[in-house]
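For the protein sequence lines, the chains are A and B, in the order given. Going by the working numbering, the first residue of the first sequence is number 36, and it counts up by one from there. Going by the working numbering, the first residue of the second sequence is number -16, and it counts up by one from there. Data first, discussion second: the structure below is written as structure tokens.
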Amino acid sequence: MRDYLTFLFRVWRLSFQGSWKFYAWMSVLTVVALIGLHAWARQFVDGLQTTGMTNQVSWGAYIANFTFLVGVAAAAVMLVIPAYIYKKEHMHEVVLFGELLAIAVIVMCLLFVTVDLGRPDRFHHMIPPFGIFNFPGSILSWDVIVLNGYLLLNLHIAGYLLYCRYRHQKPTKKFYIPFVFLSIAWAVSIHTVTAFLYVGLAGRSYWHHPLVPSRFLASAFVAGPALMILTFQIIRRVTNYFIGDQPIFTLRMIMTVAMIINMFLLACELFTEFYSPTQHAAAAHYLYFGLHGYSGLVPWIWTAIVLDVIGLTLLITPASRRILWLNVACITCFVGIWIEKGMGLIIPGFVPSPLGQIVEYLPTLNETLVCLGIWAFGLLMFSWMLHVAIPIMNGSLRDRPELAAQIN
Amino acid sequence: MSHDPQNEVSPKTIEQVYRPMTRRTFLKGAAASMVGVAGLMAALKPLLELDSGAITLDELLQKHYRQLTPEDLRRIMDNLAAKAEKEHGVRPTLRDLKPLDGVEFGYALNLTRCIGCRKCAHACLAENNQSRANPDDIEMSYIRVLELDKGAINLETSNVYYNPETVPQPDKYYMPVQCHQCRQAPCTKVCPVQATWQEKDGIVVVDYNWCIGCRYCMAACPYDARRFNYQKPTIAKEQINPNQTYLSNRIRPKGVVEKCTFCLHRTRDGKYPACLEVCPTGARVFGNLLDPDSEINYILKNKRVYILKEDVGTQPRFYYFFDK
């Protein structure tokens, strides 16, 4: 117990030690996060009229980002599976970073849902016994459970493993292996349940589509590993923690397979929507070609398609065996999927409206600042966790703190 | 930054490496904290503009409508009435009307007769105290009147913003759409906090003091029947209808969803909905589905009835029918 308190105290001390670059990075993120907080406070006072949402398009950038990020969080499982099921030794050195990423991203998800609420002051209505939880009827209540459960699972696994590392102790299997396996199933569930949020709505034909959950998972297993590959290289560059090329290339393989599946499912979707000219395809028409002269999303979706295709081409060719091209593929896939799964999935669900009205949506400045603030806060959390975790991982927090302080 | 552990000097603890607190580090830390707190305060500054009484402890602790005792509800309604008087200048008569026994409401609309005059949409606004930018702003009205091309029932090419000199236009027909009070209501199913539910008489209501404003119900509704208060409702004093109930037309708070309640403050009191009373062509028929002799049952038995989006499986209590 005493040792644990010392551990926490040291982690706390370590949080404030770093190079000027570390300080500069964290300060910039803090400032952006505070600007976002300010924008949200504005929204809290004036109501959601500060956003671009309307009665017709009643969800926007917040829910779009939420949906995308749930996938990124779920993708941590793509490090866990090779490490624990296929017992790939090299993945054990990095699996923790995936779990830390999942923690940061889930917190971002919860923030994105919270800022979307018209009455955040009534948040407790969702938490029994203060509120009434519409379980199991409402898929949103399922989502609350799976997201928070996933957060707790990862907090436990990552926290326990880090503390064992700190004590140079071999982790006791029964304290974490069952949770690791649970977290694998759980990761799939968070993204499936989030997909069911939309798929369950029979009145919105663009969403009411059995391919949506599969595509969610496939695209998540591209975007998540893409982010991890980039993160590993940053860790490699700015800290003294060694990450070899092997985990990066394992992730490349996973990304490639997932991206092929994702693009195949996209092709299936496009065929279904466009081969027979049904009214149900109106939303897809609006998204890809514009409808009755309205075409706000057309440039977005084609940008996404181009980025996806570039990413896929790089991944399936030997080009991405070189780190530089792999990085390009990661960035194009990440941005491409962010667009198609965010704005490209949420907004066409509302355009045209169920009564055929077309009201276009564009986020306002205030709304964009809130989004940027949450992204900055997520990065801030992830940076802090890496900053603290790496000296623990390489043992320097306990044995050679003078080295721990050197890292960025 | 790589290092060889063999050649390192003896290990120190982190406490030795980061010297104990000195005056200098203390001042530095204090200055940094001051900057941080100042930044946080600046970020939260808009909160100072919150109206006093916008969020009260009483409201934060309030229970769900269906868990309230009659005394609690009375007290809450008194507070709400006082608040409405303070904010809008009119003290409403705020009541709580329960569903009547042996009554299930149904509504039918005659598409042959409807001329698209939008009187129902305006009457809805006058009756239900929705927010409006000016007296003619019917965006928040619970009724949207669609103008459709004759020859099909194609919502996708419909127009709600039609504005000809006169109605009806010869090549058009009109279809008012409002809440269908579905038997299998997707909106109540998806609400994560049961802030919206179906009452015994079939009316789907919202507890505006319980809704968290997630707008999932709006996404779920196939009839675009729900409206959200993106801002604090704006309504002129002289436009306020003081005959209000807790579950229907009382002036809503900011950030909650609202919808058509078949004017339950009227219909549970033996009157017709406002949209029916104002209809100049008698296109609207309202009544008790459980009464075999009611006009609505006559229509359902004898007319050519059309159910909007029947394929979605919502089983509405709102029907369209044709005369000729």
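Each residue gets a CB set at the ideal place from its N, CA and C atoms; glycine is no exception. Every value quoted in this text rests on a predicted model; they were computed, and no experiment measured them.
Just mark residue i as buried or exposed, buried being the case when its beta carbon has 16 or more other beta carbons within 10 Å.
| i | result |
| --- | --- |
| residue 265/B | exposed |
| residue 303/A | exposed |
| residue 8/B | exposed |
| residue 116/B | exposed |
| residue 137/B | exposed |
| residue 443/A | Note that residue 443/A scores a pLDDT of 49, beneath 50, so its modelled location is shaky; the value from the coordinates is reported in the next line. Buried. |
| residue 157/A | buried |
| residue -16/B | Low per-residue confidence applies at residue -16/B: pLDDT is 39, beneath 50, and the placement is therefore not dependable, though the value from the model is reported in the following sentence. It counts as exposed. |
| residue 120/A | exposed |
| residue 25/B | exposed |
| residue 148/B | exposed |
| residue 423/A | buried |
| residue 55/B | exposed |
| residue 13/B | exposed |
| residue 343/A | buried |
| residue 401/A | buried |
Could you name the residues of the same chain whose beta carbon sits closer than 6 Å to that of residue i, not counting the 5 residues immediately before and after it, in chain order?
| i | result |
| --- | --- |
| residue 155/A | 149 |
| residue 277/B | 270 and 271 |
| residue 160/A | 166 |
| residue 222/B | none |
| residue 331/A | 395 |
| residue 137/A | 108, 111 and 189 |
| residue 329/A | 393 and 395 |
Leaving out five residues on either side along the sequence, give the residues of the same chain with a beta carbon under 7 Å from the beta carbon of residue i.
| i | result |
| --- | --- |
| residue 42/A | 198 and 201 |
| residue 481/A | Because residue 481/A is not part of the residues shown, which for chain A are 36 to 443, the question remains open. |
| residue 19/A | Because chain A here runs from 36 to 443, residue 19/A falls outside it and cannot be looked at. |
| residue 278/A | 128, 129, 267, 270 and 271 |
| residue 101/A | 144, 147 and 148 |
| residue 182/B | 82 and 188 |
| residue 260/A | 110, 113, 286, 289 and 290 |
| residue 341/B | Nothing about residue 341/B can be read from this structure; chain B reaches only from -16 to 307. |
In this structure, what does DSSP give as the bridge partners for residue i?
| i | result |
| --- | --- |
| residue 142/B | 130/B |
| residue 77/B | 227/B |
| residue 179/B | 189/B |
| residue 159/B | 128/B |
| residue 329/A | 326/A |
| residue 242/B | 209/B |
| residue 303/B | 92/B and 289/B |
| residue 267/B | 92/B |
Please work out which residues of its chain come closer than 8 Å, Cβ to Cβ, to residue i, disregarding the five sequence neighbours upstream and downstream, and give them in chain order.
| i | result |
| --- | --- |
| residue 75/A | 150, 405 and 408 |
| residue 64/A | 411, 412, 414, 415 and 418 |
| residue 252/B | 80 |
| residue 38/A | 202 |
| residue 326/A | 317, 320, 386, 387 and 393 |
| residue 188/A | 214, 217, 218 and 221 |
| residue 140/B | 131 and 132 |
> Listed in chain order, which residues of the segment 16 to 42 of chain B have Cβ atoms closer than 8 Å to some Cβ of chain A?
Replying inline: 19, 22, 23, 25, 26, 27, 28, 29, 30, 32, 33 and 38
>> For the structure I just gave you, are there three or more beta carbon pairs, one from the segment 178 to 198 of chain B and one from the segment 17 to 34 of chain B, closer than 8 Å?
In response: no
>> Counting only Cβ-Cβ distances shorter than 7 Å, please list the residues of the segment 199 to 210 of chain B near chain A, keeping chain order.
In response: 199, 201, 202, 203, 204, 205, 206, 207 and 210
>> If contact is defined by three or more beta carbon pairs under 8 Å, each pair taking one atom from either stretch, is the segment 51 to 65 of chain A in contact with the segment 394 to 403 of chain A?
In response: no
> Can we say the segment 84 to 97 of chain A touches the segment 401 to 421 of chain A, given the rule of at least three CB pairs closer than 8 Å?
Replying inline: yes
> How do the segment 175 to 185 of chain A and the segment 220 to 228 of chain A stand: do at least 3 beta-carbon pairs fall below 8 Å, yes or no?
Replying inline: yes
> Does the segment 376 to 387 of chain A come close enough to the segment 286 to 293 of chain A that 3 or more CB-CB pairs lie under 8 Å?
Replying inline: no
> What residues in the segment 171 to 205 of chain A have a beta carbon less than 8 Å from any beta carbon of chain B?
Replying inline: 172, 173, 174, 175, 176 and 179
> Taking any Cβ of chain A, which residues in the segment 134 to 156 of chain B have a Cβ under 7 Å from it, in chain order?
Replying inline: 138, 139, 140, 141 and 143
>> Three or more C-beta pairs under 8 Å: does that hold for the segment 85 to 94 of chain B against the segment 67 to 76 of chain B?
In response: no
> Of all the residues that make up the segment 134 to 162 of chain A, which are near chain B by a beta-carbon distance shorter than 9 Å?
Replying inline: 148, 151, 152, 153, 154, 155, 156, 157, 158, 159, 160 and 161
>> Along the segment 242 to 272 of chain B, where does the CB come closer than 9 Å to a CB of chain A? Name the residues.
In response: none
> Using Cβ-Cβ distances below 9 Å, what residues of the segment 205 to 239 of chain A are close to chain B?
Replying inline: 232, 233, 235, 236, 237, 238 and 239
> Taking a cut of 7 Å between CB atoms, which residues from the segment 312 to 337 of chain A lie near chain B?
Replying inline: 314 and 317
> Just by C-beta distance, which residues in the segment 99 to 120 of chain A are closer than 7 Å to chain B?
Replying inline: none
> Quick one: any contact between the segment 275 to 295 of chain B and the segment 105 to 123 of chain B, if contact means 3 or more CB pairs under 8 Å?
Replying inline: no
> If contact means a Cβ-Cβ distance below 8 Å, which residues of the segment 165 to 182 of chain B contact chain A?
Replying inline: 169, 172, 173, 174, 175, 176, 177 and 178
> Quick one, which residues of the segment 367 to 399 of chain A are near chain B if we go by CB-CB under 8 Å, in chain order?
Replying inline: 384, 385, 387, 388, 389, 390, 391 and 392
> Counting pairs of beta carbons, one from the segment 257 to 264 of chain B and one from the segment 199 to 216 of chain B, are three or more of them closer than 8 Å?
Replying inline: no
>> Along the segment 81 to 96 of chain A, where does the CB come closer than 9 Å to a CB of chain B? Name the residues.
In response: 81, 82, 83, 84, 85, 86, 88, 89, 90, 91, 93 and 94
> How about the segment 296 to 307 of chain B and the segment 152 to 166 of chain B: do they share at least three Cβ pairs that are nearer than 8 Å?
Replying inline: yes
> Of all the residues that make up the segment 280 to 311 of chain A, which are near chain B by a beta-carbon distance shorter than 9 Å?
Replying inline: none
>> Any C-beta of chain B within less than 8 Å: which residues of the segment 64 to 76 of chain A qualify?
In response: 65, 66, 69, 70, 72, 73 and 76
> Taking a cut of 9 Å between CB atoms, which residues from the segment 182 to 197 of chain B lie near chain A?
Replying inline: 192, 193, 194, 195, 196 and 197
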